[in-house]
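Residues in the sequence shown are numbered from 1 upward in steps of one, following the numbering used here.
Data block below; observations after.
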Amino acid sequence: MGQVEPKKSCIIGMTALDIQLERLDMNLRRLRYGFPGLHREEEYHILELTLLSYVFRLSNVGINQKPILVRLASTVSCLEFLCEGPRNLSASAKEVNVACVEGTTSI
Numbered sequence: 001m002g003q004v005e006p007k008k009s010c011i012i013g014m015t016a017l018d019i020q021l022e023r024l025d026m027n028l029r030r031l032r033y034g035f036p037g038l039h040r041e042e043e044y045h046i047l048e049l050t051l052l053s054y055v056f057r058l059s060n061v062g063i064n065q066k067p068i069l070v071r072l073a074s075t076v077s078c079l080e081f082l083c084e085g086p087r088n089l090s091a092s093a094k095e096v097n098v099a100c101v102e103g104t105t106s107i
């Protein structure tokens, strides 16, 4: 019966930036979930990098931005939990949070 061909539809149209961001996301997930005993500060930094990768994804033209905005809001929520409230967020995380609440991509 032959070899199964990999799906090409997910690769078509991906730019070098998309591929690098996908690798970054994968490695950040490995760091976050692969080491269950991380300190709050370490997890906070990983989540901030995750937030940054989502912001970079918004720079792509022609993508559906709603799922990325949902991921941004979810990540900001995790950051707020780690910081014990929105007042302790970094300036960039606060700006992303405001943009998510407004539902805009003016980050």
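Positions of the beta carbon are idealized from the N, C-alpha and C atoms, including for glycine.
Item to check | Whole-number beta carbon distance between residue 93 and residue 48, since they are thought to touch under 8 Å | outcome: 7 Å
Item to check | Cβ-Cβ distance between residue 80 and residue 72 below 8 Å | outcome: no
Checklist entry - Helix, strand or coil: which one does DSSP assign to residue 75? => result helix
Checklist entry - Closest by CA to residue 75, which one among 24, 18, 53? => result 53
Item to check | For residue 53, three-class secondary structure by DSSP | outcome: helix
Checklist entry - Leaving out the 5 sequence neighbours to the left and right, which residues in its chain are closer than 6 Å to residue 15 when beta-carbon positions are compared? => result none
Item to check | Assigned exposure category for residue 17 - 16 Cβ within 10 Å defines buried | outcome: That one is exposed.
Item to check | Cβ pair residue 34, residue 69 closer than 8 Å | outcome: no
Item to check | Selection from 98, 99, 82 that minimises the alpha carbon distance to residue 41 | outcome: 82
Checklist entry - What number of angstroms, rounded off, separates the C-alpha of residue 44 from the C-alpha of residue 28? => result 12 Å
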